[in-house]
Amino acid sequence: GQNIDQPTEMTATEGAIVQINCTYQTSGFNGLFWYQQHAGEAPTFLSYNVLDGLEEKGRFSSFLSRSKGYSYLLLKELQMKDSASYLCAVSQRGNTDKLIFGTGTRLQVFP
Amino acid sequence: DGGITQSPKYLFRKEGQNVTLSCEQNLNHDAMYWYRQDPGQGLRLIYYSQIVNDFQKGDIAEGYSVSREKKESFPLTVTSAQKNPTAFYLCASSIDTSGGYETQYFGPGTRLLVL
């Protein structure tokens, strides 16, 4: 079966660094996505990892270890606007690339 | 501007009523998806379509129906058989699903409430 785990909530201070972890168990792994979702809005694409290692994109970085079934999203120089839910989603290889979503991590950034 | 639009933003359903949620995209994407989002749960796939005139059930298709008569459009009908329809419904699209990496892009969502 498939299982994706990520913390339900996290808090951090403006200007700080926060790491949001995601662990997964799935067959036919075809990559891992991170999305950002502000309350009541659509998820927006942040990153995609299919090979082991760190992908850096401005203040956001995403890491993947396929052997450990583990990923993290690293947010640096936190801003108030980073308060949102962060969704981890795993792509499964098959007839169609279905995305399996975790429950999301709600991040609150305080001044 | 290219993108995905969903309408309406809010929708109210009476008991025993069917309602249809609209999803349109002008990104020339082949694949389209419908998800349901409930508080404390991840997005769950209702239906998806890889090509015009073809669609597949997702994980929670019961009580829902779809059509894909045009590449740009993938409407979702919530039927009276869906006993707990209150949720946030998200439509997404991607270029194709040929087995490679295809990012899904989401519309703004429709919040459905039962009266």
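Protein chains in written order, with our numbering: chain A, 1 to 111; chain B, 1001 to 1115.
Each residue gets a CB set at the ideal place from its N, CA and C atoms; glycine is no exception.
Taking C-beta pairs closer than 8 Å, name the residues in chain B that residue i reaches, listed in chain order.
i: E41 (chain A); result: P1108 and G1109
i: G104 (chain A); result: G1042
With DSSP collapsed to three states, give me the class of residue i.
i: K1071 (chain B); result: coil
i: K57 (chain A); result: strand
i: K1057 (chain B); result: strand
i: D1030 (chain B); result: coil
i: K68 (chain A); result: coil
i: W1038 (chain B); result: It is worth fixing the name first, because residue 1038 (chain B) is Asp in this sequence and not Trp. Three-state result, D1038 (chain B): coil.
i: D52 (chain A); result: coil
i: K76 (chain A); result: coil
i: K1009 (chain B); result: coil
i: K1083 (chain B); result: coil
i: K81 (chain A); result: helix
i: G104 (chain A); result: coil
i: E1015 (chain B); result: coil
i: I20 (chain A); result: strand
i: Q6 (chain A); result: coil
i: A42 (chain A); result: coil
i: E1102 (chain B); result: coil
i: V1052 (chain B); result: coil
Against residue i, what residues of chain A qualify as contacts under a CB-to-CB distance less than 9 Å, listed in chain order?
i: L1045 (chain B); result: K98, L99, I100 and F101
Name the chain B residues that come within less than 9 Å of residue i, Cβ to Cβ?
i: F45 (chain A); result: T1103, Q1104, Y1105 and F1106
For my contact list, residue i and residue j are in at a C-beta cut-off of 8 Å; report their separation, rounded to the angstrom.
i: F63 (chain A); j: Y48 (chain A); result: With a Cβ gap of about 12 Å, F63 (chain A) and Y48 (chain A) do not count as contacting.
i: D82 (chain A); j: L73 (chain A); result: With 8 Å as the limit, D82 (chain A) and L73 (chain A) do not qualify as a contact, their Cβ atoms being about 11 Å apart.
i: N1018 (chain B); j: V1078 (chain B); result: 7 Å
i: L1090 (chain B); j: L1043 (chain B); result: 7 Å
i: G1040 (chain B); j: T103 (chain A); result: 6 Å
Report the partner residues of residue i according to the DSSP bridge assignment.
i: S27 (chain A); result: According to DSSP, S27 (chain A) bridges with nothing at all.
i: R999 (chain B); result: The first residue shown for chain B is 1001 and the last is 1115, placing residue 999 (chain B) beyond what the model contains.
i: R1044 (chain B); result: B:R1036
i: E1024 (chain B); result: B:T1005 and B:S1073
*asked:* Please identify, using Cβ separations under 7 Å, the residues of the stretch 1003 to 1017 of chain B that lie next to chain A, in order along the chain.
replied: none
*For the stretch 1082 to 1093 of chain B, enumerate the residues whose C-beta is nearer than 7 Å to any C-beta of chain A, in chain order.*
L1090
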